[in-house]
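Heads up: the protein sequence lines correspond to chains B, X and W, in order.
Using the working numbering, the first residue of the first sequence is number 82, and each one after it goes up by one.
Using the working numbering, the first residue of the second sequence is number 29, and each one after it goes up by one.
Using the working numbering, the first residue of the third sequence is number 99, and each one after it goes up by one.
For every residue, glycine included, the Cβ atom is placed at its ideal position computed from N, Cα and C.
Keep in mind the model is a prediction, meaning the values are calculated, not measured.
First the structure, in the form of structure tokens, and then the observations on it.
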Amino acid sequence: MGSELNRLTITEARERLRRREITSRELTRDCLERIAAVEPRLNAFITVSETEAMAQAEAADRRFAQGDAPDLCGIPLGIKDIYCTRGVRTTCASKILGDFTPPFDATVIEKLRVAGAVFVGKTNLDEFAMGSSTENSAFGPTRNPHDLERVAGGSSGGSAAAVAADECLAALGTDTGGSIRLPASYCGVTGIKPTYSRVSRYGVIAYASSLDQVGPFARTVRDAAMVLRAVAGADPRDSTCSARPVPDYEAALTGEVRGMRIGVPREYFVEGMDAAVEAAVRGSLKKLEAMGARTVEISLPHTSYAVAAYYLIATAEASANLARYDGVRYGLRVAADNNIELYNRTRAQGFGAEVKRRIMLGTFALSAGYYDAYYLKGQKVRTLIRRDFERAFASCDLIAAPVAPTTAFRLGEKTDDPLKMYLSDIFTISVNLAGLPGMSVPCGADGHGMPIGLQLIGPPFGEEAILRAGDAWERSGGFAPRTPQL
Amino acid sequence: MNDDSYEAVIGLEVHAHMLTRSKLFCGCATDFGAPPNHNVCPVCMGMPGVLPVLNRHVVELAIRTGLAAHSKIEPHSVFARKSYFYPDLPKGYQISQYDQPLCRGGYIELPAREGEARRIRLVRIHLEEDAGKNIHAESASLVDFNRSGVPLMEIVSEPDIRSPEEAVAYLHELREMLRSLGASDGKMEEGSLRCDVNVSVRPRGATELGARTEIKNLNSFRFVEKAIVYEVNRQIEEVAAGRRIPQETHLWDPEREVTRPMRSKEFANDYRYFPEPDLPPLIVPSDLVENIRTAMPEMPAERRARYIREFELSAYEAGVLTSELEVAEYFEAMLPGLRNRKSAANWVMTEVLRAANESAKPLTEAAPKPQETGALLKMVEKSQISLNAAKSAFAAMCRSGKGAEATVAELGLTQVSDETAIAEACDRVLAAESAKLAEYRAGRDKLYGFFVGAVMKAMGGKGNPKVVNEVLRRKLAG
Amino acid sequence: MAEEKISLEQVRHVARLARLELAPAEEQRLQIEMSEMLGYVDQLNELDTGAVEPTAQVGESGTPVREDAVTNPPAADAMLANAPAREGFFFKVPKIIE
């Protein structure tokens, strides 16, 4: 069997690369071999960039030889196919983008290139990031590495599965309503959604502009912190991106949680939750208490309204963001006699059912006579949800909760009932509405061995607090999901 | 207007291209005449994942415009998405401003002929991005996105305008204001100033508004005037015949010079405005507004008032001189060193403007440099040349492009003011006309004019009339 | 079955606004699905939001601006590279009707 360098953490790989014990080419090759071996069953990647990845690995190795190698230099990453990558086809898991090949890189991609990272390929997602299972992809679903009959979660299922299956050492996803945290929980990896505005959205294909955020998947909190640091920070091309300096997130990982007040929201432990999920989450809180943290019960009274508010706001913004897909300048074009037919046919054939559903709902929510009752109402409830968190953070430093009511469900189990699918996001969505940072770290497994995530939520720009708590939990023994048997 | 029992109620919506180097939300060039799709980037082409970033200078120019129009500059305004599908609109929405525009209220003051100046009130001024251009070919259309993302100011007036002439005067004043500010070059023919007109009629004396027609596709002042005349007459006819005016949009047909309803759309546009999530609210601090206010160039209305005050010009004269920025600038460049401003004003209104009109060239090319014209008039003030001589010299200067001194010397126009020389000429004339002299001294005063003419002729027309008169009178008196 | 929160006619109108050509079966399915969603979001009416300001954005305040400078050089071929149809330097589209 091969060297299996693809199973290293970034922290380990960084060390060995710097010591020249291994090369990036070896590391990358092991990832590509793993990809070839498991992809037929997993379908985590839409595009595998073997040639480009090896070229990047070679360039990285040269830098190691010169002693000029930043943290992520030579590290193979998976990139959710929602990031524009110059010269590499970008599909957003949709037919409507056709063979669109961006002439530019997303800002975070540029940053990672400069850091010398290696991109092994573009990972699968729910089309236009709309979904909770990666079953809405035009390129087939991504399966959960722990059980191929189950979903990987969504919308960043490909990235989560790729990291869980050791196809790459880390991956980028995006999170609009839970799309990093949910697949991280289902696949047993760590995933972070930073504070809204912490990371540039330039070049990230937009779903819901006031909710979308870039974030990493990794196998450890430290790894995730490293990737976050590499991509976060000001961007003059994104007017919503914060110029606040980026802290050294790794330095925050002191392992110390004594005195930390962890808020536990009563509304997040509801009927219909898996007993195993509740047990695992509560168990991890006990462990953190044993390490010196204090739990305090808090209330986020408007929690039950979050999904409704989200599905008005996100779909409204999406309906406008997706209006540019019209067959005129790029992507799919269906034959037509005039421009109206061009739009109608191209969009009908290019968009999948879930995307159409959300465009329809969002268009309706903004339409004449309905704006106040729907979109505006949603934004007002958003204010109430935000205020809930502001009040809560007066009495705690971070909030702990489950990520999802269940573990990964079976493929096809929820595809007939959109609303049932939407309710998978019930614990993650409020965090996006409030623009807060949230992280999922593995904290247990159910009777089938399916992973369970612990969600840690911070105040605005409170990444350090949640990273510190997550890292402490992980180091205490945490919960290491068993290796997927692929 | 053929029916006095109705009055026209007119409002204008003007879109002005702003004079910036780069576009509203990206760093693409805005120059016209570039080859198609050369001034485009992923942002203004609406590629996936792109985001807008506001051009600082656009905000400054818009604030300047708002201040000049006496509008309230809102410290907090919001960008909004206006959604509709059209091939020249790359994102499928236009970034504009909706219920929270940058400027509210204000007015444009029209130059008064006599009495009080008329004010046309503004509803608002807001910022938005332009769309690209479609060119219709045989069985296809071609799209160029060079213009997509160019910054526009939309200036909306209240329906205070009451005649086509007033509409043109408003447009004219607005354009000159924008040009004075450097905010726009206001060239309707080039499309950097576009105007939609809202027209309705109502019985004279009524206060309620009638149903209005919006007229689009007007690309010259002349067409604005004609379209309004046509539409007002049309509406009066309809109303007088008891028919209802539907609230419609019409297109001006420049060939047939009529307005026609746009092809009826299956469904009216529901623009589904909502706040632009990719742009934070536009916060304008009060010190920015004050800094801009103190650095404002002079507006036509202020300039008019100043001309009336400082130079004691009439309202009419002030109006003519400020009708275009170049005329006012020419006039003021002439003034240094001149005492008689009124005669300078007159000179501009007659000689200079005539030269410009006759040559059909812009003022700066048709007339001599204003400093030279000023120098010419100074010579008149100093009695170095006569006014008539100045007119000849000016005409020559327009043709040759040479300066005042050189031209006067070349044409030998310098006036003679030397008393000795004039006395000599008088003596010669009086000696030659002894008979007439006797008649004059006997009481025939009318002969004075004859003697003046004769002396002037003897001096080749170059005698300083004032001195000639003095000397001649003395000599005639004996 | 969810109470009809949206009529078939409204669904068709929304589809027109969104330029989505829907097959009859799709229209009907969407009517049901949208009705269900709209029924679900109705619970927001339980909340009195009369005095609540809407939140349009959750980022920081302040207006980022850029200098008025031309920073993009012409790159027509790169911009046209993904065009489904082009003619010279133009994007070509089917005949435009209103």
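I need the boundaries of the beta strand (DSSP E) containing residue i, first residue and last residue.
| i | result |
| --- | --- |
| Asn368(X) | Careful: Asn368(X) lies outside any beta strand (DSSP E) and carries neither H nor E. |
| Met520(B) | Gly519 to Ala526 |
| Thr241(X) | Thr241 to Leu246 |
| Asn226(X) | Leu221 to Pro231 |
Comparing C-alpha positions only, which one of the options sits nearest to residue i?
| i | options | result |
| --- | --- | --- |
| Gly160(X) | Ala176(W), Ile130(W) and Phe189(W) | Phe189(W) |
| Cys131(X) | Thr378(X), Ser105(X), His43(X) and Glu137(X) | Ser105(X) |
| Asn245(X) | Cys223(X), Glu236(X), Pro231(X) and Ser228(X) | Cys223(X) |
| Arg109(X) | Phe479(X), Val37(X) and Tyr301(X) | Tyr301(X) |
| Pro80(X) | Thr58(X), Gly177(X), Tyr112(X) and Glu259(X) | Gly177(X) |
| Leu178(B) | Lys193(W), Ile130(W), Asn180(W) and Leu115(W) | Asn180(W) |
| Pro118(X) | Glu157(X), Thr435(X) and Ile136(X) | Glu157(X) |
| Ser385(B) | Ile510(B), Leu309(B) and Ser266(B) | Ile510(B) |
| Asn419(B) | Asp407(B), Gly412(B) and Tyr411(B) | Asp407(B) |
| Pro171(W) | Glu400(X), Leu206(X), Ser167(X) and Cys69(X) | Cys69(X) |
For a test of the three-state rule: what should DSSP assign to residue i, helix, strand or coil?
| i | result |
| --- | --- |
| Glu352(B) | coil |
| Gly159(B) | strand |
| Phe173(X) | coil |
| Met181(X) | strand |
| Gly94(X) | helix |
| Lys367(B) | helix |
| Asn225(B) | strand |
| Ser266(B) | helix |
| Ser314(X) | helix |
| Gln536(B) | strand |
| Arg469(X) | helix |
| Phe295(X) | For Phe295(X), the pLDDT reaches just 49, beneath the cut-off of 50, and the residue's location in the model is therefore unreliable, leaving the point undetermined. |
| Glu41(X) | strand |
| Ser105(X) | strand |
| Asp175(W) | helix |
| Ser240(B) | helix |
| Leu138(X) | strand |
| Ile507(B) | coil |
| Lys430(X) | coil |
| Leu206(X) | helix |
For residue i, count neighbouring Cβ atoms within 10 angstroms of its own Cβ and tell me buried if that reaches 16, exposed if not.
| i | result |
| --- | --- |
| Gln412(X) | buried |
| Gly558(B) | exposed |
| Glu435(B) | buried |
| Asn217(B) | buried |
| Pro390(X) | exposed |
| Ser248(X) | exposed |
| Lys406(X) | buried |
| Ser476(B) | exposed |
| Ser236(B) | buried |
Go to residue i, then tell me how far its alpha helix (DSSP H) extends in each direction, as first and last residue.
| i | result |
| --- | --- |
| Ala305(B) | Val302 to Val312 |
| Thr132(B) | Glu131 to Gln147 |
| Ile123(X) | Per DSSP, Ile123(X) belongs to no alpha helix (DSSP H); it is in the beta strand (DSSP E), Tyr121 to Gln125. |
| Glu435(B) | Ala434 to Leu447 |
| Cys165(B) | It is not in any alpha helix (DSSP H) - Cys165(B) carries neither H nor E in the DSSP assignment. |
| Leu108(B) | Ser105 to Leu123 |
Which residues in chain A have a C-beta closer than 9 Å to the C-beta of residue i? List them in chain order.
| i | result |
| --- | --- |
| Ser159(W) | Although the question refers to chain A, the structure presented lacks it and instead comprises the protein chains B, X and W. |
What residues from the region 425-450 of chain B come within 8 Å of chain X, judged by C-beta to C-beta, listed N to C?
-> Thr444, Leu447, Ser448 and Ala449
Could you please tell me which residues of the region 513-526 of chain B, in chain order, have their CB closer than 7 Å to any CB of chain W?
-> Ala515 and Gly516
Residues of the region 166-185 of chain W whose Cβ lies closer than 7 Å to any Cβ of chain X, in chain order = Asp166, Ala167, Val168, Thr169, Asn170, Pro172, Ala174, Met177, Leu178 and Glu185
Members of the region 262-278 of chain B near chain W, C-beta cut-off 7 Å | Tyr277 and Ser278
Contact list for the region 45-56 of chain X against chain W, Cβ threshold 8 Å = Thr48, Arg49, Ser50, Cys54, Gly55 and Cys56
Interface residues of the region 457-470 of chain B facing chain W [CB-CB below 8 Å] | Leu457, Lys458, Gly459, Gln460, Lys461, Val462, Arg463, Thr464, Leu465 and Arg467
Along the region 94-110 of chain X, what residues have a CB closer than 7 Å to any CB found in chain W?
-> none
Using Cβ-Cβ distances below 9 Å, what residues of the region 319-345 of chain B are close to chain W?
-> Asp319, Ser320, Thr321, Cys322, Ser323, Ala324 and Arg325
Taking Cβ-Cβ distances below 9 Å as the criterion, which residues of the region 406-427 of chain B are in contact with chain W?
-> Asp407, Gly408, Val409, Arg410, Tyr411, Gly412, Leu413, Arg414, Ala416, Ala417, Asp418, Asn419, Asn420, Ile421, Glu422, Leu423, Tyr424, Asn425, Arg426 and Thr427
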